[in-house]
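**Q** These protein sequences, in sequence, are chains A and B.
Per the working numbering, the very first residue in the first sequence carries number 1; after that it's consecutive.
Per the working numbering, the very first residue in the second sequence carries number 312; after that it's consecutive.
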Amino acid sequence: MHIPDGFLDVKTAVATGVLGATGVGVALRLARRHLPAQRVPLLGLAAAFVFAAQMINFPVGGGTSGHLIGGVLVGVLLGPSVSVIVIASVLIVQCLMFADGGITALGANIFNMGVVGGVGGWAIFYVVSRAVKGMFGCVLAAAFAGWCSTVLASVACAGELAASRTVGWAVALPAMAGVHMLIGVGEGIITALVLVAVGRARPELLAREAGPEASFPSMIVYGGLVALGIALFASPFASEWPDGLDRTAVALGFAERAVAPIVAPPVPGYAMPGIQWSGLATSIAGAAGTAVVFGLAWILARVLVPKGKSQ
Amino acid sequence: MEHDFLDRHSRMQSPVHRLPAAWKLITALAIVGSLVWVPRGEWVWLGGAAVLLLAVMGLAGLPWGFVIRRLLFAELFVVGVAIMSLLQPDGLRLFLFLVAKSTLCLLTMVLLANTTPFAELLRVLKAAHVPALLVTTLSLMYRYMFVLLDEGQRMRRARLSRTFTEREARSWRARASVLGQLFIRSSERAERIYGAMCARGWR
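1) Whether or not the segment 446–458 of chain B and the segment 397–408 of chain B are in contact is what I'm after, with contact meaning three or more pairs of Cβ atoms, one per stretch, closer than 8 Å; do they touch?
2) Between the segment 8–42 of chain A and chain B, which residues of the former have a C-beta closer than 8 Å to a C-beta of the latter?
3) Leaving out five residues on either side along the sequence, give the residues of the same chain with a beta carbon under 7 Å from the beta carbon of residue 322(B).
4) Quick check on the burial criterion: 16 or more other C-beta atoms within 10 angstroms. Buried or exposed for residue 379(B)?
5) Keeping to the same chain, check which residues put their C-beta closer than 8 Å to that of residue 324(B); ignore five residues upstream and five downstream.
6) Output yes or no for whether 8 Å exceeds the beta carbon distance between residue 10(A) and residue 392(B).
7) Report yes if the CB atom of residue 373(B) is closer than 8 Å to the CB atom of residue 99(A), and no otherwise.
8) State whether the segment 132–144 of chain A contacts the segment 301–308 of chain A, with contact taken as three or more CB pairs (one from each stretch) at a distance under 8 Å.
9) May I ask you to report which of helix, strand or coil DSSP gives residue 7(A)?
10) Closer than 8 Å, Cβ to Cβ, to anything on chain A: give me those residues from the segment 427–451 of chain B, in chain order.
11) Since residue 151(A) and residue 84(A) are thought to touch, with beta carbons under 8 Å apart, how far apart are those beta carbons, to the nearest angstrom?
12) Step through the CB atoms of chain A and report whether any lies within less than 8 Å of the CB of residue 511(B).
13) Starting from the C-beta of residue 118(A), find all residues in its chain whose C-beta is less than 6 Å away, skip the five residues before and the five after it, and write them out in chain order.
14) Does the distance from the CB of residue 158(A) to the CB of residue 181(A) come in under 8 Å?
15) Do the segment 23–37 of chain A and the segment 109–129 of chain A make contact, defined as three or more Cβ pairs closer than 8 Å?
16) Flag this pair as yes or no: are the beta carbons of residue 288(A) and residue 143(A) separated by less than 8 Å?
17) Considering only the beta carbon of each residue, do residue 166(A) and residue 5(A) sit closer than 8 Å?
18) Can you pull the DSSP bridge partners for residue 66(A)?
19) Since residue 68(A) contacts residue 53(A) with CB under 8 Å, what's their CB separation in whole angstroms?
20) What residue range is occupied by the uninterrupted alpha helix (DSSP H) comprising residue 37(A)?
21) Should the segment 125–133 of chain A be called in touch with the segment 32–44 of chain A, which here means at least 3 C-beta pairs below 8 Å?
22) Taking a Cβ distance cut-off of 7 Å, strictly less, list which residues of the segment 98–132 of chain A are near chain B, in chain order.
23) Can you find the residues in the same chain that come closer than 8 Å, C-beta to C-beta, to residue 489(B), ignoring five residues on each side of it along the sequence?
24) Assuming contact is defined by CB atoms lying nearer than 8 Å, are residue 339(B) and residue 414(B) in contact in what I supplied?
25) Less than 8 Å between the CB atoms is what I'm expecting for residue 27(A) and residue 456(B), so what's the real figure, rounded?
26) Quick check: the Cα distance between residue 203(A) and residue 447(B), rounded to an integer number of angstroms?
27) Alpha helix (DSSP H) containing residue 335(B): first to last residue?
28) Name the chain B residues whose beta carbon is nearer than 9 Å to that of residue 166(A)?
29) Within this structure, are the beta carbons of residue 66(A) and residue 220(A) separated by less than 8 Å?
30) How big is the Cα-Cα spacing for residue 34(A) and residue 473(B)?
31) From residue 327(B) to residue 120(A), what does the alpha carbon distance come to, in whole angstroms?
32) For residue 488(B), which residues in chain A fall below 7 Å Cβ to Cβ?
33) Taking Cβ-Cβ distances below 8 Å as the criterion, which residues of the segment 183–194 of chain A are in contact with chain B?
34) Taking Cβ to Cβ, would you say residue 195(A) is nearer than 8 Å to residue 91(A)?
35) Taking DSSP as the reference, what is the three-state secondary structure of residue 164(A)?
36) In chain A, which residues lie less than 9 Å from residue 337(B) when you measure between Cβ atoms?
Next up, the structure:
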C-alpha cells in the first residue's frame, strides 16, 4: 500500500506530510522521555528486522506470495511509539534507497501505516488482550489487530487518493479495503505465528507490561491525529458520495440516467436512498467481515495455544 | 555479505555521483514536487522532465537494464493504484497520464538513490535538523539491515539442509519461527551494540 509519487495532489501531500511528521514527532518525544537508554539501539535493529522480515516471502498459492508488514508485531513487542518510529524508518529507507513509495507521499505512507495502522492496530491489540487473558488472548488479539491494522491503513489510503481526486471514493474504498481485507488475513496469521515463536523461545519478551509511553495522554494525542486525518480526508466524502457514485454510473454505461444529477443538484428524495443504501451496505459488509475475522482469529489462537496450556 | 546489490550503484564514479548529496536531494525533491504539480493532460511538461532525467541517467553511467528492472519492480504498485482510475469517465487518458507522471517521479528517485550513498543522505538529514533519535535509528538500520538479511538467509539455509522437503502447510510455521528467531537475535544484538556504544563514549 505504498502510495507512489504523482497520485496525491499538492494539498493532500502537504496535509498528510504535516500529519505524518507530527505523528513521528510525538513518537520520538515519547520515546526520548520513556525509552531506557539501553533500548535506543533496539529502535534501529527493530527497523532493520522489519526490513529483513519483509524480504521473507510466505507462499499464498497460485505462484503469489505475501510478507509481513510488521506494524502490529513491533507494537506488541516494543510498544506503539516504537512501532511508529520503526515503520517510519523503514518507509524512509525504502523511499530513499529503493524508490519504493513516493517522497511526496512519504507523509501519507507514514501516517497510514505507522500512525493509523501501527498505533490503531496496537490499540485494538491492547483492548482485546485485556478482555481475553493469557497467551491465548495475546495471540488472538495480535491476529485480529494485524488484520484490522492492514484494513484501517488501506481505508486511510483510499481516503487520501479520493481527496486528491485521483480515484473516486466509491471506487477507491471498496477496491482498497477489499484487497486489504484479504492481505490482512495473511498479516494476522504471520503476526500470530511469529508471536508464538517468540513467546516459546523468550516468554519474558511477551510478558512485558505496556510502559508509560502507552499511557492515556499519549493515546489521546495519537487518537487526535487519527481523528484529524478522518476529518480531513473522509468527512468531505459524506457529501461527495453521490458524486463518486455518479462517476461509476457513467463509467459503467448508465450515463443517461446519471446526467440529470450531475447537471442539476441532486434532489434529496432522489439521492438519499442511494447514499443510505451504499453507506449501510458498506457498513454491514465491513461489520460482517470483521466479525468473521474475529472468529477466525479465535480459531487460529485456539490451534496455536491449545486449551489448558494457555500460560 | 551477499546483499550489496541493494545499493551497489550508489558508490560508482561519475560527475553526477560526485555532486554534493544535499544538492541532489533538493533537486530531486524539486523535480518530483513540480511533477506532482503538473495538471492533468499537460504532456509537454512530462516530456521535458523525461528528457532531463534520461540525460542525467546517461551522465551518471547507470546500467540501463538495472534502472529498467528497478522501475518495473515499483511499477507494479503504480499500475495497481492507477488501475482504479480506469473506472472513471475518461479513465484511459487519466490512467496513462497517472502512470507516466508516476514513472517519471520513480525514475527521479531511482536516480537519486543510485547516485548517492545512503550514508551521505543521512548526513544531509542530520544537517537539516531532523531529530537525532530518528537519524540514529536510520543509520543503525542501514548498518544492520544487511547483517540481518544475511542472518535470515543463513537460518533459512540451515533449515533447508536439515529438512527433506518444504511442505506448504508447515512452511508458514517454519518461516514464522525463522522470523521469531530473527527478532530475538536482533534484540540480543541491540544489547551488545549498546554495550559497545557505551564503551566507545556514547553519552
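Note that the Cβ used here is the ideal one computed from N, Cα and C, for glycine as well.
The model shown is predicted, which means the values in this text are computed figures rather than measured ones.
**A** Considering the structure as presented:
1) no
2) 8, 9, 10, 13, 24, 25, 28, 31, 32, 37, 38, 39, 40, 41, 42
3) 428
4) exposed
5) none
6) no
7) no
8) yes
9) coil
10) 429, 432, 442, 444, 445, 447, 448, 449, 450, 451
11) Not confirmed; about 18 Å, so no contact.
12) no
13) 71, 75, 83, 84, 87
14) no
15) yes
16) no
17) no
18) 58(A)
19) 5 Å
20) Per DSSP, residue 37(A) belongs to no alpha helix (DSSP H) and is neither H nor E.
21) no
22) 98, 99, 100, 102, 103, 104
23) 463, 466, 467, 470
24) no
25) Wrong, their Cβ atoms sit about 20 Å apart, outside the cutoff.
26) 29 Å
27) 332–348
28) 392, 393, 395, 396, 405, 409
29) no
30) 43 Å
31) 43 Å
32) 197
33) 189, 190, 193, 194
34) no
35) coil
36) Residues of chain A passing the Cβ test: none, with the nearest at roughly 12 Å.
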